[in-house]
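Chemist:
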Amino acid sequence: MKFLVTVALALALLTLESVFVQQAGLVLGRVDVTVVLVAFLALRATLTEGACSAFAVGYLLDLMSGQPTGLFTFLAVFTFLVGRLVASFVDVRGPVAFALFAMGADLGHALLSTFFTWLTVKEGSTAPLFAGMPVQLALTGLAALVLFPLFKRFEVAQERPAGLLR
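Counting the sequence shown from 1 gives a position; the numbering used here is that position plus 19.
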């Protein structure tokens with residue numbers, strides 16, 4: 020996917036995610052649509068395009084999350100790079116395999132964000148973050164199943180030859 024399409028899609032998905040989480044009344048869990056997008060980029064994008072897109076997606080998540088600035092930007096690029104490494108060992112072609120891949124990426128992303136948040140918070144516990152993790156992983160897997168056909172459609176649309184006559 021191209022950079023601008025990825026950024027626009029991330030902004031739309033983050034907006035939908037925030038509305039869904041608020042309307043569903045989820046306190047401990049959320050849907051990590053940005054990790055789903057970064058996981059798809061890890062599978063399909065080139066290194067430069069994917070790293071720049073992951074950076075932009077992470078920065079948008081930083082802006083909308085209220086967490087320490089730079090945390091999700093770093094984690095998005097790190098998740099992209101680790102996802103590319105894992106993708107060289109596993110074959111992810113179908114929606115179910117992609118959902119499992121995205122759930123694994125979300126698990127790593129959630130554990131690292133919890134760890135770095137724990138390092139920066141003076142007082143308080145990370146127990147509520149761990150309590151909501153199974154719900155978050157399940158919702159992220161469900162979102163990956165739903166979003167996989169959409170991402171594939173955007174990917175095919177971007178690969179069409181340019182020009183007046185097709």
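All C-beta atoms, glycine included, are put in the ideal place defined by N, C-alpha and C.
1) Which stretch, first to last residue, makes up the alpha helix (DSSP H) that contains threonine 88?
2) Are the beta-carbon atoms belonging to leucine 56 and leucine 28 less than 8 Å from one another?
3) Determine the closest residue to phenylalanine 135 out of Thr88, Leu119, Ala116 and Ala75, with distance taken between C-alpha atoms.
4) What residue from Met152, Ala121 and Leu138 has the CA that sits closest to phenylalanine 167's CA?
5) For alanine 163, name the three-state secondary structure that DSSP assigns.
6) Mind checking arginine 49: buried by the 16 CB within 10 Å criterion, or exposed?
7) Let me know the secondary structure DSSP gives arginine 185 once reduced to three states.
Modeler: Considering the structure as presented:
1) As a working mapping, residue 88 is identified with position 69 in the sequence shown. Counting along the chain, threonine 88 falls outside any alpha helix (DSSP H), and DSSP gives it neither H nor E.
2) On the sequence shown, residue 56 is found 37 positions in, with the first residue counted as 1. On the sequence shown, residue 28 is found 9 positions in, with the first residue counted as 1. Closer than 8 Å, so yes.
3) Locating residue 135 in the sequence shown gives position 116, where the first residue counts as 1. Here the closest residue by C-alpha is Thr88.
4) As a first step, residue 167 must be located in the sequence shown, where it is residue number 148. Of the candidates Met152, Ala121 and Leu138, the one whose C-alpha sits nearest the C-alpha of phenylalanine 167 is Ala121.
5) Here the question's residue 163 lines up with position 144 in the sequence shown. If DSSP states are grouped into helix, strand and coil, alanine 163 belongs with the helices.
6) What you label residue 49 is simply residue 30 of the sequence shown in a count that begins at 1. With 16 or more Cβ atoms within 10 Å of its Cβ, arginine 49 is classed as buried.
7) Working through the sequence shown from its first residue, we reach residue 185 at position 166. Note that arginine 185 has pLDDT 46, beneath the 50 cutoff, so the model's placement of it is unreliable and the number below is only indicative. Note: arginine 185 maps to coil in three-state DSSP.
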